[in-house]
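Per the working numbering, the sequence shown starts with residue 381, numbered consecutively. Ideal Cβ positions, reconstructed from N, Cα and C, are used throughout, including at glycine.
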Amino acid sequence: MKKALITGITGQDGSYLAELLLSKGYKVFGLKRRTATPSFENISHLLDNIELISGDLLDLASLIEAIRISQPDEIYNLAAQSFVTDSWSQSAYTGHASALGVTNMLEAIRITNPNIRFYQASSSEMFGKVLEIPQIETTPFYPRSPYAVSKVYGHWITVNYRESYGLFACSGILFNHESPRRGYDFVTRKVTDAVAKIKLGLQKELFLGNLDAKRDWGYAGDYVKAMWLMLQQNKPDDFVIATGETRSVKELVEVAFSHVGLDWTKYVVQDPKLMRPAEVDLLLGNPKKAEEKLGWKPEVSFDELIKMMVESDLEKIKAKKYIK
Ligand code: NAP
Ligand code: G4F
């Protein structure tokens, strides 16, 4: 039986990846950092089938111990301070977790068992103020936030450990991917949660920042399949994972509100406080390499994704508030 260790297992991607690996017969371990009030919302349905190990990306000894306990064939490093906005107010912490945390995990692998295959969760945010459209694996990086800068470090240290020590280390450059398990801070979930509350009469307005920013949005359930595929290849490599389509925040809002028969212009208020110090205006990925080498393709369309999220939020809120 193959064994995998997932960092960030309580997050959106960690939960979908755990489900995927369990369905493939893996024994799944998850690194769980200590928090005063643990949130298991995304993995409560998996707790009987996975093993959680206490540890933190900032603590090398805890990572070595997690590897000793789990003896994994594969490690998926999904843990990070992943919210771009907060990376300006907590820039040093973001660097510790999302940049040096990667070095800690690579060092833990190098010291304990260099045969472990490693996946690093890199990000399309690294392309930032884009130097090429669409973005591919060789497009130069121009990060626009402390988060993106930390991810550029994480990407290159992964490449460096592959080249320096021959580790089977892959960097997945994933464009935005969403789902009903997305954190409420991110714009898709903020919108679908608000649409559901407005529809049910529980909220009146939705405050947003930049409506013109464009993102290449896909479904998280599709994207974790690409992570797994990268670690099943004969050679380690880096891949762009994207849909090849881009939409503005305004289009996202239109699709979400119109799904419940509402006119978004009556509810959305632009708030200058929600504008970022430096914005990423446009992300659009070309997943050709992943299609050709991994046989990967996104399956859920943008409209299906937003509909799925609005429906899920309506159900969750109704269940909480006992509304029919
Ligand atoms: P997420 O929902 O924010 O989950 C982040 C996870 O990291 C949580 O489980 C969190 O644990 C854990 N974590 C944070 N700091 C940690 C630390 N110091 N030690 C151990 N665990 C820690 O993120 P996601 O959307 O699933 O994304 C997964 C990864 O892909 C992240 O690295 C993100 O930067 C990257 N990525 C995401 C996207 C996207 O669109 N979703 C695109 C490209 C790249 P707690 O529950 O304790 O907070
Ligand atoms: O949903 P967002 O916060 O995602 P962002 O910044 O693109 O980052 C996400 O995707 C990255 C991959 O490219 C990941 F690496 C990262 O971890 C994260 O998952 O914002 C999307 C866009 C931005 O342009 C932002 O300015 O939406 C715009 N936006 C407009 N109003 C807003 C809001 N974003 C948020 N979070 N909240 C708003 O009210």
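Based on DSSP bridge pairs, tell me the residues matched to residue i.
{"i": "F619", "result": "G552"}
{"i": "R627", "result": "R595"}
{"i": "G665", "result": "Q515"}
{"i": "K412", "result": "S434"}
{"i": "T387", "result": "L411 and N457"}
{"i": "L586", "result": "V648"}
{"i": "E558", "result": "Y599"}
Is residue i buried or exposed, if buried means 16 or more other CB atoms sit within 10 Å of its CB?
{"i": "L582", "result": "exposed"}
{"i": "N429", "result": "exposed"}
{"i": "R448", "result": "exposed"}
{"i": "E585", "result": "exposed"}
{"i": "M381", "result": "exposed"}
{"i": "T415", "result": "exposed"}
{"i": "H535", "result": "buried"}
{"i": "E421", "result": "exposed"}
{"i": "D643", "result": "exposed"}
{"i": "K412", "result": "buried"}
{"i": "V649", "result": "exposed"}
{"i": "N495", "result": "exposed"}
{"i": "P652", "result": "exposed"}
{"i": "P526", "result": "buried"}
{"i": "H639", "result": "buried"}
{"i": "Q500", "result": "buried"}
{"i": "E505", "result": "buried"}
{"i": "Q461", "result": "buried"}
{"i": "L401", "result": "buried"}
{"i": "K646", "result": "exposed"}
{"i": "K605", "result": "buried"}
What number of angstroms, rounded off, separates the C-alpha of residue i from the C-alpha of residue j?
{"i": "N484", "j": "D439", "result": "7 Å"}
{"i": "Y522", "j": "K531", "result": "11 Å"}
{"i": "L580", "j": "K700", "result": "12 Å"}
{"i": "A398", "j": "R561", "result": "13 Å"}
{"i": "D618", "j": "E517", "result": "7 Å"}
{"i": "G601", "j": "E558", "result": "8 Å"}
{"i": "A446", "j": "D453", "result": "13 Å"}
{"i": "K383", "j": "G405", "result": "9 Å"}
{"i": "T519", "j": "N666", "result": "11 Å"}
{"i": "L486", "j": "I578", "result": "46 Å"}
{"i": "K615", "j": "F548", "result": "7 Å"}
{"i": "D683", "j": "V635", "result": "7 Å"}
{"i": "D661", "j": "V539", "result": "27 Å"}
{"i": "S467", "j": "G508", "result": "14 Å"}
{"i": "N472", "j": "G641", "result": "According to the sequence displayed, residue 472 carries Ala and not Asn. Roughly 44 Å separates the two Cα atoms."}
{"i": "N457", "j": "W676", "result": "20 Å"}
{"i": "W608", "j": "I389", "result": "15 Å"}
{"i": "E659", "j": "R627", "result": "16 Å"}
{"i": "T572", "j": "I553", "result": "25 Å"}
{"i": "V510", "j": "L663", "result": "7 Å"}
{"i": "L685", "j": "T474", "result": "29 Å"}
{"i": "P603", "j": "D436", "result": "At residue 603 the sequence reads Tyr, which differs from the Pro that was named. If I take the Cα positions, the gap works out to 24 Å."}
{"i": "K669", "j": "Y396", "result": "23 Å"}
{"i": "Y599", "j": "T568", "result": "11 Å"}
{"i": "H476", "j": "P657", "result": "21 Å"}
{"i": "I423", "j": "Y533", "result": "29 Å"}
{"i": "K698", "j": "W597", "result": "27 Å"}
On a Cα-Cα basis, can you pick out the residue from the options that is closest to residue i?
{"i": "V629", "options": "N590, K653, Y473 and Y406", "result": "N590"}
{"i": "K687", "options": "N666, D651, K653 and V633", "result": "V633"}
{"i": "L480", "options": "I516, F507 and L443", "result": "L443"}
{"i": "P514", "options": "K673, V620, N493 and I491", "result": "V620"}
{"i": "E695", "options": "V575, K382, W597 and F587", "result": "V575"}
{"i": "E679", "options": "A593, S504, D651 and T623", "result": "T623"}
{"i": "R542", "options": "A593, N556 and R490", "result": "R490"}
{"i": "P418", "options": "S434, K404, S403 and G405", "result": "S434"}
{"i": "A488", "options": "Q392, I455 and A593", "result": "I455"}
{"i": "A441", "options": "D592, T492, W468 and A670", "result": "T492"}
{"i": "A528", "options": "S469, I553, V464 and H557", "result": "V464"}
{"i": "G394", "options": "A459, R413 and L611", "result": "A459"}
{"i": "E431", "options": "E421, V408, I423 and D565", "result": "V408"}
{"i": "T387", "options": "S403, E421, L400 and G410", "result": "G410"}
{"i": "F566", "options": "S551, L588 and G552", "result": "L588"}
{"i": "Y564", "options": "I423, Y499, M689 and R497", "result": "M689"}
{"i": "N714", "options": "A670, R524, T572 and S502", "result": "The chain is shown only over 381 to 704; residue 714 falls outside these bounds and no answer can be derived."}
{"i": "S450", "options": "I553, M610, L385 and V482", "result": "L385"}
{"i": "Y545", "options": "Q470, R497 and G552", "result": "R497"}
{"i": "M655", "options": "H425, A593 and E672", "result": "A593"}
{"i": "K570", "options": "S403, S692, L427 and S551", "result": "S692"}
{"i": "I537", "options": "V482, A477 and T645", "result": "V482"}
{"i": "K673", "options": "K698, Q612, T645 and E512", "result": "Q612"}
{"i": "E671", "options": "M610, W597 and S469", "result": "M610"}
Would you say residue i lies against chain C (beta-carbon separation less than 7 Å)?
{"i": "L432", "result": "Here there is only one protein chain, and chain C is not present."}
- prompt: Can you give, in chain order, each stretch of the alpha helix (DSSP H) that sits fully within the stretch 469 to 524 and has at least 4 residues?
  reply: Entirely contained in the stretch 469 to 524, the alpha helix (DSSP H) runs reaching 4 residues are, in chain order, 471 to 475 and 481 to 492.
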